[in-house]
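Number of protein chains: 2
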Amino acid sequence: MDMSLDMKSSGMKSSGMKSSLIKSKRPTLQDVANLVGVTKMTVSRYLKDSNQVSPQLRIKIKEALDDLGYIPNRAPDILSKSKSHAIGVLLPSLTNHVFAEVIRGVESILEPAGYQTMLAHYGYSQEAEEARIATLLSYNVDGLIISESYHTERVRKMLSVAGIPVIEIMDSTSPPIEQAIGIDNQAAAYAMTECMIKKGHSKIVYFAARMDQRTLLRLQGYKAAMHDNGLTDLCISTDSASSFSMGEQFMKEALEKQPDTDGIFCTNDDLAIGALFACQKAGIKVPEEMGIAGFHGHDIARVMVPLLATVITPREEIGRLAAEHLLSRLKGNPVTEKVINLPFKIEPGESI
Amino acid sequence: MDMSLDMKSSGMKSSGMKSSLIKSKRPTLQDVANLVGVTKMTVSRYLKDSNQVSPQLRIKIKEALDDLGYIPNRAPDILSKSKSHAIGVLLPSLTNHVFAEVIRGVESILEPAGYQTMLAHYGYSQEAEEARIATLLSYNVDGLIISESYHTERVRKMLSVAGIPVIEIMDSTSPPIEQAIGIDNQAAAYAMTECMIKKGHSKIVYFAARMDQRTLLRLQGYKAAMHDNGLTDLCISTDSASSFSMGEQFMKEALEKQPDTDGIFCTNDDLAIGALFACQKAGIKVPEEMGIAGFHGHDIARVMVPLLATVITPREEIGRLAAEHLLSRLKGNPVTEKVINLPFKIEPGESI
DNA sequence: CCATGAATTGTTACCTGTAACATTATCATA
DNA sequence: TATGATAATGTTACAGGTAACAATTCATGG
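Laid out in structure tokens, this is it:
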């Protein structure tokens with residue numbers, strides 16, 4: 001039996017040196033095959049469908065695999081088929097718990113389907129978004145889930161050239177590259193503002209942080225509702241990230257700028273909760289003297305005293321749906337709905 | 353000029369068909385080279401260090417790259433060098449915001465260093481952990497950050513065979529595979545329990561969810577402190593995940609089982625916040641009639657009324673340090689400290 | 001006892017970028 | 001002009017698993 005060709009890999013492992021001292025390379029199929037005395041093709045067949053291999057060999061191959069601790073290697077497959085079984089997920093931020101829930105939704109679908117998630121974030125910078133997308137594509141991801149709706153020309157070109165399915169998530173109002181899944185942020189903010197007005201609030205201030213596209217859309221919705229009801233809008237904002245303490249700070253600012261403020265609508269629950277606690281500390285009664293509403297439906301909003309008014313958004317479902325539609329497209333199905341507009345829910349709670 | 357060999361890839365793209373109709377393969381270096389009229393090696397040199405290529409070619413190559421929208425491909429490199437520039441991060445859960453902060457810390461180091469994060473989670477199941485680790489290794493990750501301290505024999509074998517640096521995070525008390533970074537959960541729980549006792553609470557109940565290893569360690573610390581002070585311990589727990597509403601529910605349960613309960617120590621802030629709001633709803637004064645403490649130092653704990661007593665843990669720093677030490681090891685540096693024990697901080701707040 | 005076909009195993013080529021080595025072009029100096 | 005050095009470009013081989021095709025084995029029926 002001529003094994004000269006087969007001995008290329010695996011070095012001279014059998015020469016009796018203590019393996020713990022050798023920086024031994026991770027075993028390949030060839031190493032397993034050498035141990036059994038067959039070609040790597042036979043071992044490959046065993047791994048894909050053991051029925052293709054004779055019963056005697058099955059036992060020996062299994063032993064060899066366990067013995068060497070063989071770990072499958074996707075690299076050759078990725079190279080030859082350009083299929084990685086990995087999905088790139090690109091989000092603006094990991095700080096925001098909203099995106100953590102999106103990831104959870106995505107993973108709940110991808111993981112059972114045997115797909116690996118490659119996570120990246122770009123801190124709301126378009127330059128960084130370009131770089132992250134290039135990186136994800138360099139790993140030959142089979143599909144991409146991205147957020148935001150504005151993309152540079154270079155990003156669009158890369159996505160087009162890559163030829164993989166892309167799904168944009170979070171907002172449903174901009175024309176998608178291929179397919180978008182999200183909510184109508186502007187309509188949601190309009191609805192909540194109207195709800196606050198109906199409850200009797202009129203000097204409502206908008207709290208915004210991280211002026212990304214979705215926040216701007218919500219701001220527009222708020223302004224439209226105020227205007228349609230003959231009220232004056234006022235926005236307090238920052239470019240940095242939102243936080244509970246930012247909400248506290250904004251509350252003070254609002255009362256300075258407009259002492260008769262009787263309502264606060266926040267671009268997310270973090271700010272709203274901070275504002276609410278600031279009122280409690282200052283002895284301002286919520287909702288009698290100050291109505292406070294948030295956005296997204298943070299878990300805590302459903303247990304706190306008073307219950308926070310908020311717009312309940314289907315973050316996790318957005319993630320799930322994005323993953324499901326991506327998998328469907330990977331199976332070759334065409335895009336059925338270019339835009340999937342999910343419903344939001346106005347939860348008045350006890351704070352407005 | 354004989355180009356017969358060079359025309360293998362790229363098909364017959366130049367034959368005037370509308371490229372938008374062709375399911376065109378993503379361009380390779382060969383395609384770029386064909387367009388310029390050089391070999392792919394020259395283009396490869398340009399990409400790595402454009403000085404290695406003549407000035408005239410530089411211009412033409414740049415044009416061709418832009419024109420075709422070439423995207424680098426890591427697959428060949430991963431195959432031939434077994435280096436992916438990707439780091440696997442394996443966490444028990446993505447639901448828990450504590451882990452979201454760990455991820456943030458990890459990414460804050462890995463991303464600027466040019467490493468890609470491959471995220472996976474295993475829902476506290478050892479079987480799933482095995483599968484996830486095998487998957488991450490199949491992508492040839494250059495290093496791994498994992499949590500938990502107990503691992504199956506198969507996991508240990510895989511990690512050993514893979515020969516890549518591995519860092520375990522979250523707890524610092526178990527002997528690590530190679531290196532561990534975390535806090536002493538047991539000592540932290542002991543300290544907080546003692547603090548509650550000193551504040552005058554004695555019938556303290558422990559709320560636990562998701563009985564993972566860290567929760568069990570904290571429970572031990574609580575029990576030890578109670579015992580050392582001659583007090584009786586009582587634990588209310590569930591195997592499912594913690595949540596704010598779970599904390600509310602536990603509060604009712606505690607008062608049924610032990611009506612004179614005057615303190616609650618929770619394995620995390622979610623439960624504590626839920627318990628606190630339950631007290632507010634029931635008219636139980638905190639901390640006068642009921643002391644409540646949490647664990648981790650959720651952002652909200654620092655703004656709520658009353659301020660929540662909690663153990664402030666350096667989640668993000670754990671992530672950062674893990675990534676930094678991993679990068680250091682990838683540069684060839686040896687493990688300097690097998691265990692890095694980070695300090696926690698007892699924050700009494702206003703709720704005990 | 002050989003032909004037939006199914007079952008089993010082997011062989012070759014391929015995917016793409018780059019290290020290592022080889023070749024050709026360019027230029028200054030003897 | 002020849003020569004050697006340097007710059008620029010080309011050629012070959014390789015990483016590891018698998019598709020596609022080839023070869024071998026073996027049992028069964030004619």
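Residue numbers (the numbering used here), protein chains in the order written: chain A, 1 to 352; chain B, 353 to 704.
Backbone N, C-alpha and C define an ideal beta-carbon position, used for all residues, glycine too.
Keep in mind that this is a model prediction, so the values were computed, not measured.
Sorted by chain position, which residues of the same chain lie with C-beta nearer than 7 Å to Gly735 (chain B)'s C-beta, five sequence neighbours on each side aside?
-> The first residue shown for chain B is 353 and the last is 704, placing residue 735 (chain B) beyond what the model contains.
Return the chain-ordered list of same chain residues with a C-beta closer than 7 Å to the C-beta of Lys203 (chain A), the five sequence neighbours on each side being excluded.
-> Its chain contains Gln258, Asp260, Thr261, Asp262, Gly263 as the residues whose beta carbon lies nearer than 7 Å to that of Lys203 (chain A), once the 5 sequence neighbours on both sides are disregarded; these appear in chain order.
Distance between beta carbons of Val657 (chain B) and Gln280 (chain A), contact taken as under 8 Å | So it is a contact: roughly 5 Å between Cβ atoms.
Hey, quick one: how far does the alpha helix (DSSP H) through Lys60 (chain A) stretch, first residue to last?
-> Membership of Lys60 (chain A) in the alpha helix (DSSP H) is indicated by the continuous run 55-68.
Please classify Ala33 (chain A): is it buried, with 16 or more other beta-carbons within 10 angstroms of its beta-carbon, or exposed?
-> Buried.
Using a Cβ-Cβ cut-off of 7 Å (strictly less than) and excluding sequence neighbours within five positions of Ile374 (chain B), which residues of its own chain qualify?
-> Any reading at Ile374 (chain B) must be qualified, since the residue scores a pLDDT of 40, below 50, and its modelled position is unreliable; the value itself is stated next. Answer for Ile374 (chain B): no residue qualifies.
Would you call Gln56 (chain A) buried or exposed, if buried means 16 or more other Cβ atoms sit within 10 Å of its Cβ?
-> Answer is exposed; the Cβ neighbour count stays below 16.
Closer than 8 Å, CB to CB, is Glu350 (chain A) near chain B or not?
-> No - not a single Cβ of chain B is within 8 Å of the one on Glu350 (chain A).
Kindly indicate which residue of A:Val205, A:Ile59, A:Val339 has the alpha-carbon position closest to the one of Val36 (chain A).
-> The option with the nearest alpha carbon to Val36 (chain A) is A:Ile59.
With a cut-off of 8 Å, does the C-beta of Val638 (chain B) fall near any C-beta of chain A?
-> Val638 (chain B) has a beta carbon lying at 8 Å or more from every beta carbon in chain A.
So Tyr46 (chain A) is in the alpha helix (DSSP H); what residue range does that whole segment cover?
-> Counted as a single uninterrupted DSSP element, the alpha helix (DSSP H) harbouring Tyr46 (chain A) occupies residues 40-48.
Report buried or exposed for Glu253 (chain A), applying the criterion of at least 16 other Cβ atoms within 10 angstroms of its Cβ.
-> Glu253 (chain A) counts as exposed, since fewer than 16 other beta carbons sit within 10 angstroms of its beta carbon.
Could you give the C-beta distance for Val458 (chain B) and Met544 (chain B), rounded to a whole number, given that I count them as a contact under 8 Å?
-> So it is not a contact: roughly 27 Å between Cβ atoms.
State the start and end residues of the unbroken alpha helix (DSSP H) segment that holds Asn185 (chain A).
-> Element bounds for Asn185 (chain A): 185-198.
For the segment 130-152 of chain A, enumerate the residues whose C-beta is nearer than 7 Å to any C-beta of chain B, in chain order.
-> Along the segment 130-152 of chain A, the positions whose C-beta sits under 7 Å from a C-beta of chain B are Ala134, Thr135, Leu137, Ser138, Tyr139, Asn140, read in chain order.
Go ahead and pull the three-state DSSP assignment for Phe617 (chain B).
-> Strand at Phe617 (chain B).
For the segment 576-606 of chain B, list the beta strand (DSSP E) runs that are entirely contained and at least 3 residues long, ordered along the chain.
-> Segments of the beta strand (DSSP E) lying fully in the segment 576-606 of chain B: 586-590.
Contact set for Leu443 (chain B): own chain, Cβ-Cβ below 6 Å, skip 5 residues either direction | Cβ contact annotation for Leu443 (chain B) (same chain, cutoff 6 Å, sequence separation greater than five): Phe451, His473, Ser499, in chain order.
From the DSSP output, in three-state form, read off Ile455 (chain B) for me.
-> Note: Ile455 (chain B) maps to helix in three-state DSSP.
Cutoff 8 Å; reference Leu420 (chain B); Cβ partners in own chain excluding five residues on either side = Only Pro379, Asp383, Val384, Leu387 meet the Cβ criterion.
In whole angstroms, what is the alpha-carbon distance linking Val141 (chain A) and Cys235 (chain A)?
-> Cα-Cα distance, rounded: 41 Å.
Exposed or buried, which one is Gly495 (chain B) when buried takes at least 16 other CB atoms within 10 Å?
-> Answer is buried; the Cβ neighbour count reaches 16.
Give, in chain order, every residue of the segment 284-309 of chain A whose Cβ lies closer than 8 Å to some Cβ of chain B.
-> The residues in question are Asp299, Ile300, Arg302, Val303, Met304, Val305.
Are at least three pairs of beta-carbons, each pair with one atom in the segment 431-443 of chain B and one in the segment 475-493 of chain B, less than 8 Å apart?
-> Contact between the segment 431-443 of chain B and the segment 475-493 of chain B is present: three or more C-beta pairs spanning the two stretches fall below 8 Å.
Would you tell me roughly how many angstroms separate the C-alpha atoms of Ala541 (chain B) and Leu659 (chain B), rounded to the nearest one?
-> Per the coordinates, the alpha-carbon of Ala541 (chain B) lies some 19 Å from the alpha-carbon of Leu659 (chain B).
If Thr391 (chain B) and Val405 (chain B) are in contact, beta carbons under 8 Å, what's the gap, nearest whole angstrom?
-> The pair is not a contact, with the Cβ atoms about 12 Å apart (cut-off 8 Å).
Give the straight-line distance between the Cα atoms of Tyr558 (chain B) and Ser680 (chain B), rounded to the nearest whole angstrom.
-> Distance between the alpha carbons of Tyr558 (chain B) and Ser680 (chain B) is about 40 Å.
Close-in-space but distant-in-sequence residues of the same chain around Val638 (chain B) (CB under 7 Å, 5 per side omitted) | Result list for Val638 (chain B): Leu628, Cys631, Ile644, Pro658, Ser703, in chain order.
Among B:Phe617, B:Thr584, B:Pro428, nearest to Ser80 (chain A) - alpha-carbon criterion | Distances from the alpha-carbon of Ser80 (chain A) to those of B:Phe617, B:Thr584, B:Pro428 put B:Pro428 closest.
Between which two residues does the beta strand (DSSP E) carrying Ser499 (chain B) extend?
-> Note, Ser499 (chain B): beta strand (DSSP E), 495-499.
Go ahead and pull the three-state DSSP assignment for Phe629 (chain B).
-> In the three-state DSSP reduction, Phe629 (chain B) falls in the helix class (H, G or I).
Whether Thr267 (chain A) touches Ala208 (chain A) by CB criterion (8 Å) | Yes, the pair counts as a contact, with Cβ atoms nearer than the cut-off.
For Thr662 (chain B): DSSP bridge partner residues = Answer by DSSP bridge pairing, in chain order: B:Glu699.
Under a CB-based cut-off of 8 Å, is Asn73 (chain A) close to chain B?
-> Cβ-Cβ to chain B under 8 Å: yes for Asn73 (chain A).
With which residues is Ile423 (chain B) paired in a DSSP beta bridge?
-> None, per the DSSP bridge assignment.
May I ask you to list, following chain order, the residues of the segment 241-258 of chain A that have a beta carbon less than 9 Å from some beta carbon of chain B?
-> Taking 9 Å as the Cβ-Cβ cut-off against chain B, the residues of the segment 241-258 of chain A that qualify are Ser243, Phe244, Ser245, Gly247, Glu248.
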